[in-house]
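Asker:
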């Protein structure tokens, strides 16, 4: 095999997610009354990056064959926190941003401690911590309100050089600063290894526990970046229960669309980001075709089912039926 | 006895008084082993003689209950495989330790990848992997391919390359050549010999006598969790080695076998030329009514796959299966359990395939037979109760009650529950996959009696065991598997431990008999 073929095989899932998104987005812009303009792209980007951040968070945990059902709630909690803290002059705003990100990281660390060192099932543990995080959010913002440093908010949701959506640049920066080092570090590899085959990873003497812990901790951090951006878009904080749950579930959908295996060990954040973009575009498609918004959940469900079915073809090759359950 | 250079060199690793118990079962008792640099040390022994446990202790996978490990004369204890690896011990495990979703290069460099600015340098990693593969004689494997896309023999070469890439001082190979082709074996041997001359200590565990004859400097024989003999390679004949491996106390725990009777035709089970992947080849066998047929041979020669194939778990099997003389296609365990086939498989791993540990004894017992006690989908409690009571009595299951979790029972009683669960269906053809592993002698004895009683009542039984005594004591006939095919059938007077071991090792028995006379 030629080198490029290996590259293709490694990136197949990610490329597929990019392809799905590209097709959907192309249909969207060609049918959009305004066409392919900077404003249309900016609006689409701003809507998509929120889910993209939460999906990135989910990806890190799913790679270790775990799941984090609290990412949506961390997203909401940090939104409420930001509506209190990210205000005032440059100094106060900076401190506020650090505090918001720090509390997201702390939420992730708590999840990690409970799941890895407390050895609780990730599903139950993160449902519980998620409920707790939402509870705190509700105490912080019993009613929607608060404000945010609007200068910073507008800069990060606007356009760079009048063309490029600033939110996409921020997303790319986070990928560079968080994902690239993680995926190419020993701990990141151990995260993949323990998701793929934990006994083999243990036998190979890999730092499994630290790797999984790091994945949960970073997931909290990434979700809080999402929460920060939510505040930048809405200028307020709101403890919206339905929204938190929706983001958690959509993050799992985006991850699967992006080719990240829920069994662990496979996939990348890049795929998940495009999965999130694609998932968001479904709603926009309905809009440009003048469908009733009531169709959106049904449509999203069908698209997701089709995408997941494509990924399940491998089961036809299984020789030992017991492997269906592995 | 010792040659001058080994007399002067201090031992690299020495283990003394090592004991390890799993529950009440002894895996190792006061075992001793000394490993010298620049030597290849072979370890021999039957299934369950304690070899694997010994290796796991050296590799930091399990901790010994007693005993001392001295590395370079200093006492060490390994808390994890990472610890052992840091001390220069690398292990090529029989069950592979590769990560399926990572590339070959990722796997080879897994414990200490090359880094640039703190990040893994994938370019350098591929170069290292390519070198390691070339050194192991497997340069046909591309470093970028994913491990799960490789066939078993290639994976094993990657596993060896991975161990070599660590540049260990002690390399342990546990049945590392079991899946390799003859060409690969020759290449690996050349590499191993080169490392020996460079001063590495190698421990070589294999069931293949000719491999040991070609490679080893010293051999240690394990039996019943102890090292019973250490000798210089080539100083003992194969016959003597087999004798050393046997020599167990032989307890009379088996029920008497019926005299040879003619079986009704057609047999309950007949299979012709059964094959699957490259793991099962041309297996033809029959099991008649009232007959207990054993499957023997070394662990992992295809016995499990054969049982799974018969039970409809494997896909893509070739050949023919006849039940009562009529060809049948068994496409799933549900089909195999169906009334006109009436097959039951008592699985090897009762914890995952046999029982649902947190559920109650009652629930576990009735799972496989729910359709028998249900009318139109509703479970008839009285009927269920009646059947369960009957089984608990028949098998003498000792439990504080039917409503406690089955996980709270002892291993022996858990195994009885697994068997009872299947007997509730009244199967005519019973497959057993090493059912007595890890259970106490008393329960074993009860199970042997039960098997014979079931056979007398007309069941056909196919019985795989890693315990040779059991095969000899329980079975009317034993088929010995080697490398996925039946290489010998032993019955009557020919069914002896010597014959079993000789066939299992594929040692020419005629030659052994001559040597003895």
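Residue numbers (my numbering), protein chains in the order written: chain F, 1 to 326; chain V, 1001 to 1517.
Each residue gets a CB set at the ideal place from its N, CA and C atoms; glycine is no exception.
Tell me whether the stretch 1097-1110 of chain V and the stretch 187-201 of chain F touch, counting them as touching only if at least three CB pairs, one residue from each stretch, are closer than 8 angstroms.
Answerer: With a cut-off of 8 angstroms, the stretch 187-201 of chain F and the stretch 1097-1110 of chain V count as touching, because enough Cβ pairs lie within range.
Asker: Keeping to the same chain, check which residues put their C-beta closer than 8 angstroms to that of residue 263 of chain F; ignore five residues upstream and five downstream.
Answerer: Position 263 of the first chain, counting from 1, holds the residue named residue 263 of chain F. Within the same chain, residue 263 of chain F has close Cβ partners 65 and 195.
Asker: Indicate whether at least one CB of chain V lies closer than 7 angstroms to the CB of residue 259 of chain F.
Answerer: Here residue 259 of chain F is taken as the residue at index 259 of the first chain, counted from 1. No - not a single Cβ of chain V is within 7 angstroms of the one on residue 259 of chain F.
Asker: I'd like the span of the beta strand (DSSP E) that includes residue 1221 of chain V, first residue to last.
Answerer: Counting from 1 along the second chain, the entry for residue 1221 of chain V is found at position 221. Its beta strand (DSSP E) spans residues 1218-1223.
Asker: For residue 1001 of chain V and residue 1236 of chain V, what's the separation of their Cα atoms in angstroms?
Answerer: Position 1 of the second chain, counting from 1, holds the residue named residue 1001 of chain V. Position 236 of the second chain, counting from 1, holds the residue named residue 1236 of chain V. Caution is warranted here: a pLDDT of 40 is assigned to residue 1001 of chain V, below 50, making its placement in the model unreliable, and the coordinate value is therefore given only provisionally. Each residue's Cα considered, the two are about 14 angstroms apart.
Asker: Residues in its own chain within less than 7 angstroms of residue 1405 of chain V by CB, not counting five upstream and five downstream?
Answerer: By 1-based counting over the second chain, the position of residue 1405 of chain V is 405. Counting only Cβ-Cβ distances below 7 angstroms, and skipping sequence neighbours, we find 1357, 1358, 1359 and 1360.
Asker: Give the residues of chain F in contact with residue 1144 of chain V, contact being defined as C-beta atoms less than 7 angstroms apart.
Answerer: Taking the second chain and counting its residues from 1, the one referred to as residue 1144 of chain V is at position 144. Going along chain F in sequence order, the residues near residue 1144 of chain V (Cβ under 7 angstroms) are 6.
Asker: In its own chain, which residues sit with a C-beta less than 7 angstroms from the C-beta of residue 1365 of chain V, not counting the 5 before and 5 after it?
Answerer: If you number the second chain from 1, residue 1365 of chain V lands on position 365. 1388, 1391, 1417, 1420, 1421 and 1424, listed in sequence order.
Asker: Buried or exposed for residue 1204 of chain V, please, with buried defined as at least 16 other CB atoms from any protein chain shown within 10 angstroms of its CB.
Answerer: Residue numbering aside, residue 1204 of chain V sits at position 204 when the second chain is read from its first letter. Residue 1204 of chain V comes out buried.
Asker: Residues of the stretch 179-198 of chain F with a CB closer than 7 angstroms to any CB of chain V: list them in chain order, please.
Answerer: Cβ contacts with chain V: 181, 184, 185, 186, 189, 192, 193, 196 and 197.
Asker: Residue range of the alpha helix (DSSP H) that residue 1125 of chain V falls in?
Answerer: Here residue 1125 of chain V corresponds to residue number 125 of the second chain, with the count starting at 1. That run of the alpha helix (DSSP H) goes 1122-1135.
Asker: Near residue 1056 of chain V, which residues of its chain fall below 7 angstroms by C-beta distance, leaving aside the five closest residues on each side in sequence?
Answerer: For the purposes of this step, residue 1056 of chain V is taken as the residue at position 56 of the second chain. These residues qualify, in order along the chain: 1062.
Asker: Might you give, ordered along the chain, the residues of its own chain that have their beta carbon closer than 6 angstroms to the beta carbon of residue 78 of chain F, omitting 5 neighbours on each side?
Answerer: Taking the first residue of the first chain as position 1, residue 78 of chain F is located at position 78. The answer, listed in chain order, is 100, 104, 224 and 227.
Asker: With a threshold of 7 angstroms between beta-carbons, can residue 1314 of chain V be considered close to chain F, or not?
Answerer: As a working note, residue 1314 of chain V is residue 314 in the second chain. Answer yes: the Cβ-Cβ gap between residue 1314 of chain V and chain F drops below 7 angstroms somewhere.
Asker: Going by alpha carbons, who is nearest to residue 218 of chain F out of F:191, F:284 and F:161?
Answerer: In the first chain, counting from the first residue as 1, residue 218 of chain F sits at position 218. That would be F:191, whose Cα lies nearest to the Cα of residue 218 of chain F.
Asker: Let me know if residue 8 of chain F comes out buried or exposed under the rule of 16 or more other beta-carbons within 10 Å of its beta-carbon.
Answerer: Taking the first residue of the first chain as 1, we reach residue 8 of chain F at position 8. With fewer than 16 Cβ atoms within 10 Å of its Cβ, residue 8 of chain F is classed as exposed.
Asker: Could you pull out every unbroken alpha helix (DSSP H) segment of at least 4 residues lying fully inside the stretch 1410-1447 of chain V, listed in chain order?
Answerer: If we require 4 residues or more, the alpha helix (DSSP H) runs fully inside the stretch 1410-1447 of chain V come out as 1411-1423.
Asker: In chain order, what residues of the stretch 1283-1313 of chain V put their CB closer than 9 angstroms to some CB of chain F?
Answerer: Within the stretch 1283-1313 of chain V, the residues whose Cβ lies closer than 9 angstroms to some Cβ of chain F are 1305, 1308, 1312 and 1313, listed in chain order.
Asker: For a contact meaning CB atoms closer than 8 angstroms, what does residue 1128 of chain V contact in chain F?
Answerer: Walking along the second chain from the start, residue 1128 of chain V turns up at place 128. What residue 1128 of chain V touches in chain F: nothing, since even the nearest Cβ is about 15 angstroms away.
Asker: If you count every other CB in all the chains shown that lies within 10 Å of the CB of residue 1197 of chain V, and 16 or more means buried, which is it?
Answerer: Translated into positions along the second chain, residue 1197 of chain V becomes position 197. By the 10 Å Cβ count, residue 1197 of chain V comes out exposed.
Asker: Can you tell which of V:1168, V:1465, V:1395 and V:1466 has its C-alpha closest to the C-alpha of residue 1442 of chain V?
Answerer: If you number the second chain from 1, residue 1442 of chain V lands on position 442. The shortest Cα separation from residue 1442 of chain V among V:1168, V:1465, V:1395 and V:1466 belongs to V:1395.
Asker: Would the beta-carbon of residue 1501 of chain V fall within 7 angstroms of that of residue 1242 of chain V?
Answerer: Taking the first residue of the second chain as 1, we reach residue 1501 of chain V at position 501. Taking the first residue of the second chain as 1, we reach residue 1242 of chain V at position 242. Yes.
Asker: Who are residue 1488 of chain V's beta bridge partners in DSSP?
Answerer: Here residue 1488 of chain V is taken as the residue at index 488 of the second chain, counted from 1. Paired residues: V:1480.
Asker: Flag residue 1111 of chain V as yes if its beta-carbon sits less than 7 angstroms from any beta-carbon of chain F, otherwise no.
Answerer: Within the second chain, the letter at position 111 stands for residue 1111 of chain V. Closer than 7 angstroms: yes.
Asker: Report buried or exposed for residue 297 of chain F, applying the criterion of at least 16 other Cβ atoms within 10 angstroms of its Cβ.
Answerer: The residue you call residue 297 of chain F lines up with position 297 of the first chain. That one is exposed.
Asker: For residue 1326 of chain V, which residues does DSSP report across the bridge?
Answerer: Sequence index remark: in the second chain, residue 1326 of chain V carries index 326 (1-based). Looking at the DSSP assignment, residue 1326 of chain V forms a beta bridge with V:1323.
Asker: Consult DSSP for residue 1204 of chain V and reduce its assignment to one of helix, strand or coil.
Answerer: As a working note, residue 1204 of chain V is residue 204 in the second chain. Strand, per DSSP.
Asker: Roughly how many whole angstroms lie between the Cα atoms of residue 270 of chain F and residue 250 of chain F?
Answerer: Position 270 of the first chain, counted from the first residue, corresponds to residue 270 of chain F. Position 250 of the first chain, counted from the first residue, corresponds to residue 250 of chain F. When rounded, the distance between both Cα atoms is 16 angstroms.
Asker: Pull out every residue of the stretch 1056-1079 of chain V whose Cβ sits closer than 9 angstroms to any Cβ of chain F, in chain order.
Answerer: Against chain F - using a Cβ distance shorter than 9 angstroms - the residues of the stretch 1056-1079 of chain V are 1059, 1060 and 1061.
Asker: Could you give the DSSP three-state label for residue 1092 of chain V: helix, strand or coil?
Answerer: Position 92 of the second chain, counted from the start, is the residue given in the question as residue 1092 of chain V. It is a strand residue.
Asker: For residue 1439 of chain V, count neighbouring C-beta atoms within 10 Å of its own C-beta (all shown protein chains included) and say buried if the count is 16 or more, exposed if not.
Answerer: As a first step, residue 1439 of chain V is located in the second chain; it is residue number 439 there, counting from the start. Its Cβ being crowded by 16 or more others within 10 Å, residue 1439 of chain V is buried.
Asker: For residue 1100 of chain V, decide whether its Cβ has a neighbour in chain F, counting only Cβ atoms nearer than 7 angstroms.
Answerer: Within the second chain, numbered from 1, the residue matching residue 1100 of chain V stands at position 100. With 7 angstroms as the cut-off, residue 1100 of chain V counts as an interface residue toward chain F.
Asker: So, helix, strand or coil for residue 296 of chain F, using DSSP?
Answerer: Working through the first chain from its first residue, we reach residue 296 of chain F at position 296. Three-state DSSP puts residue 296 of chain F in a helix.
Asker: Could you work out which residues of chain V lie near residue 266 of chain F, taking near to mean beta carbons separated by less than 8 angstroms?
Answerer: As a working note, residue 266 of chain F is residue 266 in the first chain. Near residue 266 of chain F (Cβ distances below 8 angstroms), the residues of chain V are 1101.
Asker: Classify residue 159 of chain F as helix, strand or coil using the three-state DSSP reduction.
Answerer: Position 159 of the first chain, counted from the first residue, corresponds to residue 159 of chain F. In the structure shown, residue 159 of chain F sits in a strand (DSSP, three-state: E or B).
Asker: When you compare the CB of residue 1119 of chain V with every CB in chain F, is at least one pair closer than 7 angstroms?
Answerer: Stepping through the second chain from its first residue, residue 1119 of chain V is reached at position 119. Yes - at least one Cβ of chain F is within 7 angstroms of the one on residue 1119 of chain V.
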